[in-house]
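Residue 1 is where the sequence shown starts when you use the numbering used here, and the numbers rise one by one after that.
By construction, the Cβ of each residue, glycine as well, lies at the ideal position given by its N, Cα and C atoms.
Every value quoted in this text rests on a predicted model; they were computed, and no experiment measured them.
For reference, the structure discussed in these notes is given below.
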Amino acid sequence: MRTVLVTGGAGFIGSAVVRQLIGSGRRVINLDRLTYAGNTASLRQVAACAEYRLVEGDIADVPLVAELLRAERVEGIVHLAAETHVDRSIDGPQAFIDTNIVGTFRLLSSSLDYWRSLPSEEKRAFRFHHVSTDEVFGDLPFDDGRFTEETRYAPTSPYSASKAASDHLVRAWHASYGLPVVLSNCSNNYGPYHFPEKLIPLSILNALEAKPLCVYGTGANVRDWLHVEDHARALELVLLRGSVGESYNIGGGEERSNLAVVEAICDAIDRRLPLRHARRELITFVNDRPGHDRRYAIDASKIMDELGWRPRQSFESGLESTIDWYLDNRWWWEPIRSGNYAGERLGVYA
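As structure tokens, this is what we get:
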């Protein structure tokens with residue numbers, strides 16, 4: 001597969017996928033609407049590459065997508081464009097419906113028309129890879145079970161419900177029209193270029209600036225953590241070698257409570273930049289958010305057994321390298337913190 005269209009390629013996971021695909025010698029067309037979390041600075045290292053093209057546009061723009069697919073002779077799509085933040089979805093669900101459901105529907109429609117127009121050999125090789133989340137499965141008890149590809153969907157937020165709906169649309173386009181799709185559902189990602197409204201980057205930057213580290217409830221909620229570069233490698237494998245019509249769960253196998261994550265960040269930054277008092281004293285517990293899922297945990301045995309993927313980063317090594325990246329790359333995050341994103345919420349919690 002030579003030419004790949006990545007939707008949402010200026011986002012956190014999307015930019016990692018773009019860098020991964022370019023590094024593998026592929027040509028990448030990045031279609032991104034450049035909303036608040038889309039940042040072209042995350043693609044600085046590939047921006048001048050002849051094999052990379054950024055197109056500012058919307059996946060719901062059917063004529064634009066149709067022209068891109070045709071003109072660029074796209075051989076595969078990695079669909080990452082989505083509204084992704086749970087708190088934002090609770091405050092304003094409309095954008096999540098518009099992008100995650102309606103946008104995916106229109107992208108599927110454009111892709112189906114294009115796929116039907118291809119010669120038979122190119123038609124057989126084409127893939128539509130839909131990237132989703134473990135949050136579509138709802139939550140788990142604290143002490144038992146992991147999500148498999150067969151777990152029943154039970155979303156609990158407007159965000160996860162919109163992603164569940166998009167998953168169902170993708171499967172329906174395969175079953176009804178034959179569009180060659182693959183799907184993946186991932187656990188919580190972390191790593192470089194992560195927009196600082198999510199738990200790990202927000203905690204790192206607040207800890208650096210000795211600001212309060214707000215944690216929902218008691219911080220007992222558990223997440224399975226996956227380094228974004230491990231995820232990007234997995235997504236490339238699913239695109240290239242995944243079985244048509246199948247889904248693959250991708251997880252790091254690194255479960256931590258939210259409180260344990262924030263405490264680990266405090267300790268790691270204290271070792272680098274000690275204050276008079278330990279940064280754990282900055283931790284502040286706030287009222288829990290509605291419908292806060294207790295625990296996510298991924299069974300990634302299918303992608304490991306079928307495609308040979310393994311995460312390379314442990315949570316400890318990945319967190320250390322992520323903290324070092326934020327210390328070394330103030331050029332990326334300081335404009336965000338300094339008010340270039342005026343009116344955006346940068347104080348949300350885990």
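Roughly how many angstroms lie between the CA atoms of residue 338 and residue 46, to the nearest whole one? 26 Å
Indicate the three-state DSSP secondary structure (helix, strand or coil) for residue 345 in the structure shown. Because the pLDDT at residue 345 is just 42, under 50, the model does not fix this residue reliably, and the value given afterwards should be weighed accordingly. Of the three classes helix, strand and coil, the one that applies to residue 345 here is coil, per DSSP.
DSSP state of residue 229, grouped into three classes? helix
Three-state secondary structure (DSSP) at residue 195? Coil.
Just the Cα atoms here: how many angstroms apart are residue 60 and residue 86? 22 Å
Here's the rule: buried if 16 or more other CB atoms are within 10 angstroms of the residue's CB, otherwise exposed. What is residue 179? The residue is buried, with at least 16 neighbouring Cβ atoms inside 10 Å.
Simplified DSSP state of residue 285, which is helix, strand or coil: Under the three-state reduction of DSSP, residue 285 is assigned to strand.
So, residue 250 versus residue 303, is the Cβ gap smaller than 8 Å? yes
Secondary structure at residue 100, three-state DSSP: helix, strand or coil? helix
Under the rule that 16 or more other beta-carbon atoms within 10 Å means buried, what is residue 319, buried or exposed? buried
Please report the distance separating the alpha-carbon of residue 130 from that of residue 316. Distance between the alpha carbons of residue 130 and residue 316: 29 Å.
Along the alpha helix (DSSP H) that carries residue 258, what are the first and last residues, could you check? 258-272
Nearest-angstrom Cα distance between residue 93 and residue 52? 33 Å
To the nearest angstrom, how far is it from the Cα of residue 295 to the Cα of residue 326? 27 Å
Do you know how far the Cα of residue 73 is from the Cα of residue 268? Near 47 Å, if we compare the C-alpha coordinates of residue 73 and residue 268.
Closer than 7 Å: residue 38 CB and nearest the ligand SAH heavy atom: For the structure depicted, the ligand SAH is absent and the ligand set is empty, with no information on it obtainable.
Between the alpha carbons of residue 220 and residue 144, how many angstroms are there, rounded? 15 Å
Given residue 24 as reference, the closest of 2, 265, 57, 301 once Cα atoms are compared: 2
I need the DSSP call for residue 3, collapsed to helix, strand or coil. Correct three-state label for residue 3: strand.
Please list, in chain order, all residues of the same chain as residue 342 whose beta carbon is under 8 Å from its beta carbon, the five residues on each side excluded. Low confidence applies here, because residue 342 scores a pLDDT of 38, under 50, leaving its location unreliable; read the following figure in that light. Same-chain partners within the cutoff: there are none.
Taking the continuous beta strand (DSSP E) assigned at residue 127, which residues delimit it? 127-133
Bridge partner(s) assigned by DSSP for residue 79: 7, 130
Just to confirm before moving on: does the CB-CB distance between residue 265 and residue 203 stay below 8 Å? yes
Residue 284 classed as buried or exposed, judged by whether at least 16 other C-beta atoms fall within 10 angstroms: exposed
Out of 197, 329, 6, 11, which one is the CA nearest neighbour of residue 22? 6
Write down every uninterrupted run of the beta strand (DSSP E) in the stretch 22-74 whose length is 3 residues or greater and which is fully enclosed by it, in chain order. 27-32, 52-56
Could you name the residues of the same chain whose beta carbon sits closer than 7 Å to that of residue 349, not counting the 5 residues immediately before and after it, in chain order? Reliability fails at residue 349, whose pLDDT of 42 lies under 50, so the model's placement of it is uncertain and no value is given.
So the beta strand (DSSP E) residue 182 belongs to, where does it begin and stop? 181-186
Can you give me the C-alpha to C-alpha distance between residue 195 and residue 38, rounded to a whole angstrom? 9 Å
Reduced DSSP category for residue 222 - H, G, I as helix; E, B as strand; rest coil: Reduced to three states, the DSSP call for residue 222 is strand.
Any beta carbon of chain D sitting closer than 8 Å to that of residue 325? Absent from the structure: chain D. Only one protein chain is present.
Just the C-alpha distance for residue 26 and residue 4, rounded to the nearest angstrom, thanks. 7 Å
Could you please give the first and the last residue of the uninterrupted alpha helix (DSSP H) stretch that includes residue 307? 301-307
Go to residue 321, then tell me how far its alpha helix (DSSP H) extends in each direction, as first and last residue. 315-328
Suppose you measure from the CA of residue 273 to the CA of residue 201; what does that come to, to the nearest Å? 17 Å
Hey, how far is the Cα of residue 313 from the Cα of residue 230? Roughly 7 Å between the two C-alpha positions.
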